[in-house]
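With the numbering used here as the guide, the letters of the sequence shown map in order to residues 149 to 345. Cβ atoms here follow ideal geometry from the backbone N, Cα and C, with glycine treated the same way. Quick caveat: nothing in here was measured; it's all calculated off a predicted structure. As C-alpha cells, the structure follows; a few thoughts come after it.
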Amino acid sequence: MMTTTSPSTKDRIVEAGSSSIAAKSFNGCGLKEILDLADVPKGSFYHYFKSKEDLGVAVIEESAAAHAEFIREHLGNRQMSPLKRVQNLFSAMRDHYVEHGPMRECVIAKLALEVAQLSEPMRLAIKYAYADWSAQLARALTEARAAGEISESQDPEQLADFLVNAWEGCTLRMQIDQNTDAINQFIERITKTLPRI
149 MMTTTSPSTK DRIVEAGSSS IAAKSFNGCG LKEILDLADV PKGSFYHYFK SKEDLGVAVI
209 EESAAAHAEF IREHLGNRQM SPLKRVQNLF SAMRDHYVEH GPMRECVIAK LALEVAQLSE
269 PMRLAIKYAY ADWSAQLARA LTEARAAGEI SESQDPEQLA DFLVNAWEGC TLRMQIDQNT
329 DAINQFIERI TKTLPRI
C-alpha cells in the first residue's frame, strides 16, 4: 500500500507565500494572509523564517529549483540535437505558461522588478537563479557550436545571457498584454535565426 507524505509546515508556508506573491505582489500580501492560506499559526512561522524577507528568499529558491529541474529535463533530452533542445526548451516554457498561467510561473521575474532595489538577500537569490539558467543554456549552446549548428565565432555564454534577457522581456510583455504574442515571436525568431548566426 502506497502512502502519501503531506507537505511539511515549512513547505506549506513557502507554497502559500509563492501563491500569494504570484497573485498580488511581495508587498501586496501580508504575512497573516500567507499564514492563513497555509493554515499555520504565526508562532510556527518564526520557527522556520526570521522575517517575511527570509520567506521571500525561500520562495525564490523553491521556484528557481523547480525551474532549473525543468530546464535540465529539456536540455538533457539526447534524442534531439543541442540546438533543437534549446528551441524546444523555450517552446515547452511557453506551453507551461499557457497551461498554468503566467502570473504563477513568473514569480521570480515579478519579484525581480519589485524587490531588487529593496532587499539584497532576495536580489542575490534572483541573480543566482538567472545565472544558473544562463549556465545551463551556455552548455547546450557550446554543444551546438561543436556540432556545427551555430557559428564557431559565437560565444555561448554571451548568447545564453542574451536569450535569457530577451525571454524575460517577453514574459514582462506577456503579463502586460495578457497573451503569449511576444513569446511566440521570440520562439519564431530564434528558430529562424539561431542556426544562421
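Check whether the segment 152-169 touches the segment 205-212, taking contact to mean three or more Cβ pairs, one atom from each stretch, closer than 8 Å.
The way I'd put it, the segment 152-169 does touch the segment 205-212; three or more beta-carbon pairs between them come closer than 8 Å.
Would you call E211 buried or exposed, if buried means 16 or more other Cβ atoms sit within 10 Å of its Cβ?
By one-based count along the sequence shown, residue 211 stands at place 63. Here residue 211 turns out to be Ser, not Glu, going by the sequence shown. Burial call: buried.
What does the alpha-carbon distance come out to for the pair R287 and A330?
The residue given as residue 287 occupies position 139 in the sequence shown. The residue given as residue 330 occupies position 182 in the sequence shown. Going by the C-alpha atoms only, they are around 26 Å apart.
For Y196, which residues in the same chain have their Cβ closer than 6 Å to its Cβ, ignoring the five residues on either side in sequence?
Sequence index remark: in the sequence shown, residue 196 carries index 48 (1-based). Result list for Y196: K158, in chain order.
Closest residue to P269 among K198, M228, L237 and I182 (Cα-Cα distance)
One-based indexing of the sequence shown puts residue 269 at position 121. That would be K198, whose Cα lies nearest to the Cα of P269.
Let me know the secondary structure DSSP gives L266 once reduced to three states.
On the sequence shown, residue 266 is found 118 positions in, with the first residue counted as 1. Three-state result, L266: coil.
Once the 5 residues before and after N225 are set aside, which same chain residues still bring their CB inside 6 Å of it?
Numbered from 1 along the sequence shown, position 77 holds the residue referred to as residue 225. Correct list, in chain order: R233.
Below 8 Å on the Cβ atoms is my guess for Q306 versus L223; work out the distance and round it to an integer in Å.
Stepping through the sequence shown from its first residue, residue 306 is reached at position 158. Stepping through the sequence shown from its first residue, residue 223 is reached at position 75. Actually they do not touch by this definition, with Cβ atoms about 18 Å apart.
Residue burial classification, H215 (beta-carbon count within 10 angstroms, cutoff 16)
Sequence index remark: in the sequence shown, residue 215 carries index 67 (1-based). Looking at its Cβ environment, which holds 16 or more other Cβ atoms inside 10 Å, H215 is buried.
With N236 as the anchor, note down where its alpha helix (DSSP H) starts and where it stops.
As a working note, residue 236 is residue 88 in the sequence shown. Looking at the DSSP string, the run of the alpha helix (DSSP H) that includes N236 is P230 to H248.
Which word fits K258, buried or exposed, when buried means at least 16 other C-beta atoms lie within 10 angstroms of its C-beta?
Walking along the sequence shown from the start, residue 258 turns up at place 110. When all chains shown are included, K258 counts as buried.
Pairs of beta-carbons, one from the segment 238-246 and one from the segment 321-328, closer than 8 Å: are there three or more?
yes
Compute the distance between the beta-carbons of A308 and F334, then report whether it is under 8 Å.
Within the sequence shown, residue 308 is the residue found at index 160, counting from 1. Within the sequence shown, residue 334 is the residue found at index 186, counting from 1. For A308 and F334, no; Cβs fall outside 8 Å.
So, under 8 Å CB-CB, S167 and L185 are touching, yes? Tell me the CB distance rounded to an integer number of Å.
Walking along the sequence shown from the start, residue 167 turns up at place 19. Walking along the sequence shown from the start, residue 185 turns up at place 37. Correct: roughly 7 Å between the Cβ atoms.
In the DSSP assignment, find the alpha helix (DSSP H) that holds N332 and state where it starts and stops.
Position 184 of the sequence shown, counting from 1, holds the residue named residue 332. Here the alpha helix (DSSP H) through N332 covers D329 to T341.
Taking only the alpha-carbon atoms, compute the straight-line gap between I338 and A294 and give it to the nearest angstrom.
On the sequence shown, residue 338 is found 190 positions in, with the first residue counted as 1. On the sequence shown, residue 294 is found 146 positions in, with the first residue counted as 1. Computed Cα separation, rounded: 19 Å.
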